[in-house]
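Notes for the one structure printed next.
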Amino acid sequence: MEVVDGRNSNTKRKRDDVVPNGNSNSKNDIDLSLLEAVEKSQNAVEAPDLRTLKKVVLSFERRLKDNIGARLKYPDQPDRFADSEVELHEDLQKLKLLAGAPDLYPDLVSLNTVPSILNLLGHDNTDIAIDVVQLLQELTDDEVFDENDEAVGVLVDALVDNNVLELLVQNLQRLNDSDPDESAAVYGTLATIENLIEVKPAVAELVCERTKLFKWLMGKIKVREFDGNKQYASEILAILLQSSVANQKKLGQMNGVDVLLQAVAMYKSKDPKSSDEAEMLENLFDCLCCLLMPLENKERFVKAEGVELMIIIIKQKKSAYGSAIRALDFAMTKYPPACERFIDVLGLKTAFAAFMGKIPINKRNKKERYHEELEERIVSLIASLFGGILRGSRRERLLSKFVENECEKIDRLMELYMRYSDRVKAETERMDQLELDDLEMDEEEKYNRKLESGLYTLQLIAVILGHLWCSEHPQMRARIELLLKQQKLTKKDVKDILQEYHDNIGDVDGPEEMERSQAKIQRFISAL
Numbered sequence: 003m004e005v006v007d008g009r010n011s012n013t014k015r016k017r018d019d020v021v022p023n024g025n026s027n028s029k030n031d032i033d034l035s036l037l038e039a040v041e042k043s044q045n046a047v048e049a050p051d052l053r054t055l056k057k058v059v060l061s062f063e064r065r066l067k068d069n070i071g072a073r074l075k076y077p078d079q080p081d082r083f084a085d086s087e088v089e090l091h092e093d094l095q096k097l098k099l100l101a102g103a104p105d106l107y108p109d110l111v112s113l114n115t116v117p118s119i120l121n122l123l124g125h126d127n128t129d130i131a132i133d134v135v136q137l138l139q140e141l142t143d144d145e146v147f148d149e150n151d152e153a154v155g156v157l158v159d160a161l162v163d164n165n166v167l168e169l170l171v172q173n174l175q176r177l178n179d180s181d182p183d184e185s186a187a188v189y190g191t192l193a194t195i196e197n198l199i200e201v202k203p204a205v206a207e208l209v210c211e212r213t214k215l216f217k218w219l220m221g222k223i224k225v226r227e228f229d230g231n232k233q234y235a236s237e238i239l240a241i242l243l244q245s246s247v248a249n250q251k252k253l254g255q256m257n258g259v260d261v262l263l264q265a266v267a268m269y270k271s272k273d274p275k276s277s278d279e280a281e282m283l284e285n286l287f288d289c290l291c292c293l294l295m296p297l298e299n300k301e302r303f304v305k306a307e308g309v310e311l312m313i314i315i316i317k318q319k320k321s322a323y324g325s326a327i328r329a330l331d332f333a334m335t336k337y338p339p340a341c342e343r344f345i346d347v348l349g350l351k352t353a354f355a356a357f358m359g360k361i362p363i364n365k366r367n368k369k370e371r372y373h374e375e376l377e378e379r380i381v382s383l384i385a386s387l388f389g390g391i392l393r394g395s396r397r398e399r400l401l402s403k404f405v406e407n408e409c410e411k412i413d414r415l416m417e418l419y420m421r422y423s424d425r426v427k428a429e430t431e432r433m434d435q436l437e438l439d440d441l442e443m444d445e446e447e448k449y450n451r452k453l454e455s456g457l458y459t460l461q462l463i464a465v466i467l468g469h470l471w472c473s474e475h476p477q478m479r480a481r482i483e484l485l486l487k488q489q490k491l492t493k494k495d496v497k498d499i500l501q502e503y504h505d506n507i508g509d510v511d512g513p514e515e516m517e518r519s520q521a522k523i524q525r526f527i528s529a530l
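Quick note on numbering: the sequence shown equals residues 3 to 530 in the working numbering.
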């Protein structure tokens with residue numbers, strides 16, 4: 003997931019050096035240099051020191067007090083408190099200078115200014131609240147954090163302790179996206195939340211526990227019209243879901259699976275109109291895949307006819323083709339009901355067309371890596387089918403796919419086996435050479451590098467071969483043995499891959515699931 007291209011549109015802008023009319027003679031160069039020097043002297047502002055900070059804070063607190071007093075004294079006479087709000091706006095602009103001196107953030111916190119700033123997010127004048135959003139966005143910008151993580155951490159802790167999350171989201175709910183200034187503030191609010199998560203990852207769960215951000219994001223995603231804030235909402239939602247099981251479960255309980263299915267369904271028969279819209283669609287599928295990690299959300303996906311929708315999207319062969327395959331892979335992993343539904347709604351024909359390399363070509367998916375990722379997803383999906391459909395007519399239908407057309411699916415399987423086997427061997431040889439050059443690696447690092455080179459897909463292909471062999475179908479067994487012999491391989495080569503897989507199966511799904519997986523792999527090893 004890439005960062006939104008327009009991210010800096012509301013933050014710092016850099017002035018491009020442009021030579022007027024394209025001329026580059028020395029006179030013009032001198033004139034331009036003089037102009038730049040004058041501009042820099044006018045715009046240059048020295049980074050504030052502690053004395054300046056105290057002066058700005060004192061002025062800000064005084065303006066704030068004056069504004070509160072004027073509003074209380076003349077609640078129905080805006081002209082009597084308008085001047086105090088202009089002055090308050092000016093002082094909030096001055097506080098932005100702090101972004102150039104993040105080492106002063108702890109001093110800002112110790113001066114107890116944070117609560118005063120944050121309370122203005124609820125100011126009756128939304129322009130003042132927008133000023134605060136802009137201020138927070140600049141103070142927490144990732145460029146500031148990169149070089150001053152400790153000082154920024156102090157500020158972020160103080161912001162969170164003083165309810166910045168609750169106040170930001172409450173203000174977000176009253177902003178009108180059709181107003182340009184308020185729309186920019188929506189974007190700034192989302193940027194600030196992303197900045198806070200970057201500095202303090204625990205914020206990802208805190209903001210979902212304490213606020214109605216999920217509800218707001220889902221409301222934004224439901225809107226049919228595309229805009230930059232809808233794109234950013236999809237990105238923030240993906241960030242909130244990608245590393246938090248608690249958030250995945252919470253959004254599932256809030257009908258999140260249905261909302262995301264409706265959002266991607268808009269693209270079942272059409273392509274996004276721009277690269278930004280295409281990125282948003284990819285973000286939505288990222289959200290859906292994250293949401294499909296907990297078992298209860300897989301169940302919601304099946305009940306909401308998510309399997310059927312993904313098959314429709316694949317059949318339409320639009321730009322969401324690969325993303326739909328990925329979502330099915332997540333849904334069917336270790337969840338037999340999704341596998342059963344997939345076969346019942348005639349998904350095998352669609353899946354095996356992709357498995358045989360019949361992948362639609364369009365501008366977006368011409369890249370070689372796209373096809374490789376799709377291959378890996380399809381292999382994983384077929385392995386999930388074998389793992390989820392253990393007996394009965396569905397199992398027979400799955401196995402029959404590998405017999406039809408003179409076992410062409412087994413030929414394709416062995417083609418992929420050889421390709422991924424060669425990659426893993428090449429990576430193993432490369433690591434051996436590194437060790438000869440005195441660059442030592444432990445066994446875990448070696449194994450992870452092999453996984454990155456394609457070992458996991460190779461292991462899944464070996465698992466599928468194990469399922470085919472254990473079916474005891476004479477035609478399939480004969481074809482596997484013939485193809486192994488043609489490649490100067492034996493069943494022991496497949497067994498070695500399965501054994502390595504067996505020895506490295508983790509217990510992320512609990513010890514019982516690990517034991518079941520190991521027992522299944524051991525059965526394949528014994529049968530081969």
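We treat Cβ as the ideally placed atom computed from N, Cα and C, and that holds for glycine.
Judging by CA-CA distance, which residue of the options is the nearest neighbour of residue i?
i: residue 186; options: 150, 63, 234; result: 234
i: residue 524; options: 507, 515, 501, 513; result: 501
i: residue 616; options: 413, 381, 148, 324; result: In the structure as shown, the chain begins at 3 and stops at 530. Residue 616 is therefore absent and cannot be evaluated.
i: residue 92; options: 281, 147, 61, 319; result: 61
i: residue 156; options: 341, 198, 167, 492; result: 198
i: residue 207; options: 162, 224, 227; result: 162
i: residue 55; options: 89, 108, 83, 82; result: 108
i: residue 125; options: 111, 57, 152, 90; result: 90
i: residue 112; options: 168, 376, 59, 313; result: 59
i: residue 421; options: 476, 222, 88, 456; result: 456
Around the Cβ of residue i, are there at least 16 other Cβ atoms within 10 angstroms (buried) or fewer (exposed)?
i: residue 218; result: buried
i: residue 114; result: exposed
i: residue 487; result: exposed
i: residue 527; result: buried
i: residue 271; result: exposed
i: residue 77; result: exposed
i: residue 137; result: buried
i: residue 372; result: exposed
i: residue 551; result: Since the displayed the chain opens at 3 and closes at 530, residue 551 lies outside it and no answer follows.
i: residue 74; result: exposed
i: residue 285; result: buried
i: residue 276; result: exposed
i: residue 254; result: buried
i: residue 434; result: exposed
i: residue 346; result: exposed
Within the continuous alpha helix (DSSP H) that includes residue i, where are the two ends?
i: residue 153; result: 151-163
i: residue 69; result: 52-75
i: residue 231; result: 230-244
i: residue 489; result: Segment: none, residue 489 is in no alpha helix (DSSP H) and carries neither H nor E.
i: residue 118; result: 116-121
i: residue 469; result: 458-472
i: residue 455; result: Neither: residue 455 is in no alpha helix (DSSP H) and is coded neither H nor E.
i: residue 259; result: 258-267
i: residue 96; result: 80-97
i: residue 313; result: 308-318
i: residue 370; result: 370-390
i: residue 529; result: 513-529
i: residue 135; result: 128-141
Could you name the residues of the same chain whose beta carbon sits closer than 6 Å to that of residue i, not counting the 5 residues immediately before and after it, in chain order?
i: residue 9; result: Low per-residue confidence applies at residue 9: pLDDT is 35, beneath 50, and the placement is therefore not dependable, though the value from the model is reported in the following sentence. Closer than 6 Å at the Cβ level, and outside the excluded window around residue 9, lies no residue.
i: residue 86; result: 68, 69, 72
i: residue 315; result: 270, 322, 326
i: residue 519; result: 507
i: residue 308; result: 263
i: residue 25; result: For residue 25, the predicted model reports a pLDDT of 39, less than 50, meaning its position is unreliable; a value from the coordinates is still stated below. Excluding sequence neighbours, residue 25 sits near nothing in its chain.
i: residue 289; result: 239, 240, 243, 262
Tell me which residues share the same chain as residue i and place their Cβ nearer than 8 Å to its Cβ, disregarding the 5 neighbours each side in the sequence.
i: residue 250; result: 243, 292, 293, 295, 296, 299
i: residue 203; result: 245
i: residue 247; result: 295, 296
i: residue 538; result: With the chain represented from 3 up to 530, any question about residue 538 goes unanswered, as that position is not in the structure.
i: residue 382; result: 331, 335, 459, 462
i: residue 214; result: 171, 175
In its own chain, which residues sit with a C-beta less than 7 Å from the C-beta of residue i, not counting the 5 before and 5 after it?
i: residue 496; result: 464, 467, 530
i: residue 533; result: It is not possible to answer for residue 533, since the shown part of the chain is limited to 3 through 530.
i: residue 146; result: 101, 104, 154
i: residue 343; result: 304, 309
i: residue 274; result: 280, 283, 321
Pairing CB atoms from the stretch 342-361 with CB atoms from the stretch 379-392, are three or more of them under 8 Å? yes
Any contact of the stretch 440-447 with the stretch 407-425, i.e. 3+ C-beta pairs under 8 Å? no
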